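Report on one structure; see the data block that follows.
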Amino acid sequence: MCGIYGFISPHYTQAQLEVATNNLEKRGPDSLGYYFESPLGLGHRRLSIIDLSSGGQPMFSEDKNIVIVFNGEIYNFQSIKKELAILGCNFLTSSDTEVIIKAYQAWGMQGCLDKLEGMFAFALWDEKLQKLFVVRDRYGEKPLYYTSNKEGFFFASELKALKEHYSKENLSKTALNLFFSLSYIPAPHTIYKDVFKLQPGNYLEIENNGEYKIKKFYDLKSVVQKNHNNLIKDYEQAKKELRQLLFASVEERMISDVPLGSFLSGGIDSSIVSAIMAKLSDQPIKTFSIGFKEKEYDESERAALVANHIGSEHTLHILGHEDLLAVVDETLAYFDEPFGDSSAIPSMMVAKKAREKVTVVLTGDCADELFGGYDKYLGKHYAEKYASYPSFVRTIFEKGVQWIPHNNYTNHTLRKVKKVIKAASLTPENRYLSLSSLGFQKTEKNDLLNDTFQEDVSIEILKQFNSLGISDELTQTFYSDIHLVLEGDMLAKVDRACMINSLEARVPFLDSKIVDFSFKLPHEFKIQGTNKKRILKETFSDLLPEETMNFSKKGFGIPIRLWFQNELKTELLDLLNKELLQLQNIFNLEYIQKLIDEHMSNQENHASKLWQLYVFQKWYNKN
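First residue of the sequence shown: 845, per my numbering; consecutive thereafter.
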């Protein structure tokens, strides 16, 4: 895993190239390399995983016409290498980076990208064509930022390497509204107007004068549309195929020249991945989890149960919430823009502990988006059921809900109940908006932001939902979540939580063959009644303790409500003080004060909203 940076600019020097590249040190602490031939500059920070002795970068073709900087892993590089050998290609290294160069020379950029299975972002310069190609993988596992201005064209793995090209005065109104709606900022947006995330499955083709075109090499929409009319009918056959696909994906992602392990939270997804690893390994695998002193957040017993069952060498770290508080600033700062998923903090901690023993981990991420693991996928089911009740019953129930006190035990349930009540009266697209908004609903966001900064981003959020051309709510939801939740939240969280610790994370569920397969499954294979991820549980039940199949997921919860009433109260009030808010001229002061007053008095639980404001203000004050 690595960090990459580069530019096409007649104004930039090698010294500037080196400074910007070194801002990516955490992504690649093992070595660094540069290529500078004005106007082209390419920089690379390396975390050595495969071919430790000869995989240094930038890497050149034998004729020196091609130079590449690469961040990621190509899991099928060995099979591609065999194809290329048949064509007469010779290899000087055992690295996957050299395979990309040879694949490009043999098949061109589109042909090369069609072959690659993995997580990657890379930049490849073709001297003969005088063109730079900048590429991001199919689903956005690896980040890639870019900007174009009067100085030239610039790209990087993280925003911090592009800091000369933005400021908070250049705030994106669209991104601001997306953040307060979703709690994260999805591609192609960043918090800055003129800096963008390259969307997954796309590449940039840049001329030597800095002009560029965006081209698509992978289209999930066509995959979903094709599979929608070609669903698998035989459930037992589907289970057999899923088992083969996931075993193959895990095996590919276990190739490493450095110590390897897995995250094991105790949930079904990480448990399945860890169990498959144990089956494929000739020695006990290393598993890692964190537990919490506060039992309502602790899943360590579940993880230990699975670890004992699969015979892993298990490492458990029990944390108090004082441990999490100690790393809040460091974690939030590493994202370079507002990121409101609070589970990033415990994710960073488990990555930190894992890095003490391994350099690579496999995770269970992305199974929820592919196989129906989120509660919101039941939203339609519950909403329709609720809507069928007589109006007087619904009225009594809704009044009763308002009287239930907010506390540490009812908050989560109350939040879900209120969302279902609201969703029952909505159209499919508005239901998606409502259930996907983790922060402020549309009317609330209008109350939050002053008129200058208000923007309706509903169309932006619904872009994928409405473009699919399939009037099936669940299929639209799955498809949209891969573009929004997966890219903007889950993968960003995993990448940053691990990279801040120089740890590489691999995601077996995100193999393109598994993604393709997931859209061939009828909904009842994924969700049966209220049984989520049905096919996952039933396919791999033989690998895990029986109790694991019925565990309800807690996730990485942190006590934000209590923090804001105690340990973080002073800092929150300082960040949201009247004078600062007036200087910013972004927010409605009265509305924010209302949120604070109601939260502190336990009238309402505004923890998630206040956390978003806290995160934004921390970012704003730092930049």
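The beta-carbon is built from N, C-alpha and C at its ideal position, and this holds for glycine as well. These numbers were taken from a predicted model, which means no experiment stands behind them.
Item                                                                                                                                                                                      : Value
If you draw a straight line from the alpha carbon of E1273 to that of L1354, how long is it in whole angstroms?                                                                           : 26 Å
Report yes if the CB atom of F966 is closer than 8 Å to the CB atom of I930, and no otherwise.                                                                                            : no
Indicate whether the contact test is met: 3 or more Cβ pairs, each with one atom in the region 1159-1177 and one in the region 1125-1138, closer than 8 Å.                                : yes
Here's a check: name, in chain order, each residue in its chain whose Cβ is nearer than 6 Å to the Cβ of D1173, leaving out the five neighbours to either side.                           : none
According to DSSP, is A1268 part of a helix, a strand, or is it coil?                                                                                                                     : coil
Quick one: give me the first and last residue of the beta strand (DSSP E) that L1048 is part of.                                                                                          : N1046 to E1051
Within the continuous alpha helix (DSSP H) that includes R1199, where are the two ends?                                                                                                   : It is not in any alpha helix (DSSP H) - R1199 carries neither H nor E in the DSSP assignment.
Count the C-beta pairs between the region 1375-1386 and the region 1424-1433 that are closer than 8 Å, then say yes if the count reaches three, no if not.                                : no
Nearest to L1457 by CA position, among I1440, H1033 and M1098, is which residue?                                                                                                          : I1440
Would a C-beta distance cut-off of 8 Å place L1006 and T1018 closer than the cut-off?                                                                                                     : no
Measuring only the C-alpha atoms, how far is D1167 from E869?                                                                                                                             : 25 Å
Provide the residue(s) that pair with R1468 in DSSP beta bridges, ordered along the chain.                                                                                                : This structure cannot speak to residue 1468, because the chain is shown only from 845 to 1467.
Please report the distance separating the alpha-carbon of L1086 from that of L1169.                                                                                                       : 40 Å
So the alpha helix (DSSP H) S1115 belongs to, where does it begin and stop?                                                                                                               : I1112 to L1124
Considering only residues of the region 1128-1192, which uninterrupted beta strand (DSSP E) runs meet the minimum length of 3 residues and lie entirely inside it, listed in chain order? : 1130-1136 and 1157-1163
Determine the closest residue to P1352 out of E1080, W951 and E961, with distance taken between C-alpha atoms.                                                                            : E961
Can you say whether K1370 is buried or exposed, counting buried as having 16 or more other CB atoms within 10 angstroms of its CB?                                                        : buried
Can you find at least 3 beta carbon pairs, one from the region 1039-1046 and one from the region 983-998, that sit closer than 8 Å?                                                       : yes
Three-state secondary structure (DSSP) at E1348?                                                                                                                                          : strand
So, using beta-carbon positions, are I910 and Y948 closer together than 8 Å?                                                                                                              : yes
I'd like to know whether the C-beta atoms of V1150 and S1118 end up nearer to each other than 8 Å.                                                                                        : yes
With C-beta atoms as the reference, is V979 less than 8 Å away from L957?                                                                                                                 : yes
I'd like to know if F1091 contacts chain C, where contact means its C-beta is closer than 8 Å to some C-beta of that chain.                                                               : No chain C is part of this structure, which consists of one protein chain only.
Measuring straight from C-alpha to C-alpha, what distance separates S853 and N1053?                                                                                                       : 8 Å
Return the CA-CA distance between S1115 and F1107, expressed in angstroms with no decimal places.                                                                                         : 9 Å
State buried or exposed for L1075, treating a residue as buried only when at least 16 other CB atoms are found within 10 Å of its CB.                                                     : exposed
So, are the CB atoms of F1297 and L1020 less than 8 Å apart?                                                                                                                              : yes
E1181 and W1455 - do their beta-carbons sit closer together than 8 Å?                                                                                                                     : no
Less than 8 Å between the beta carbons of H1033 and L1022, yes or no?                                                                                                                     : yes
Counting only runs that start and end within the region 998-1048, where is the alpha helix (DSSP H) found for 4 or more residues in a row?                                                : 1017-1026
Go ahead and pull the three-state DSSP assignment for F991.                                                                                                                               : Checking the displayed sequence, the identity of residue 991 turns out to be Thr instead of Phe. T991: strand per DSSP, three-state reduction.
For L886, which of S1191, F998 and R1378 has the nearest alpha-carbon?                                                                                                                    : F998
Looking at C-alpha atoms only, which residue of P1103, M1098, I1134 and S1144 is the closest neighbour of K1123?                                                                          : M1098
Who are the near neighbours of Q1372 in its chain, counting only those whose CB is closer than 7 Å to its CB and skipping five residues on each side?                                     : R1378
Does the region 1078-1093 come into contact with the region 1181-1201, if we say contact requires no fewer than three beta-carbon pairs (one atom in each stretch) closer than 8 Å?       : no
Terminal residues of the continuous beta strand (DSSP E) containing N1449?                                                                                                                : From DSSP, N1449 is part of no beta strand (DSSP E); its letter is neither H nor E.
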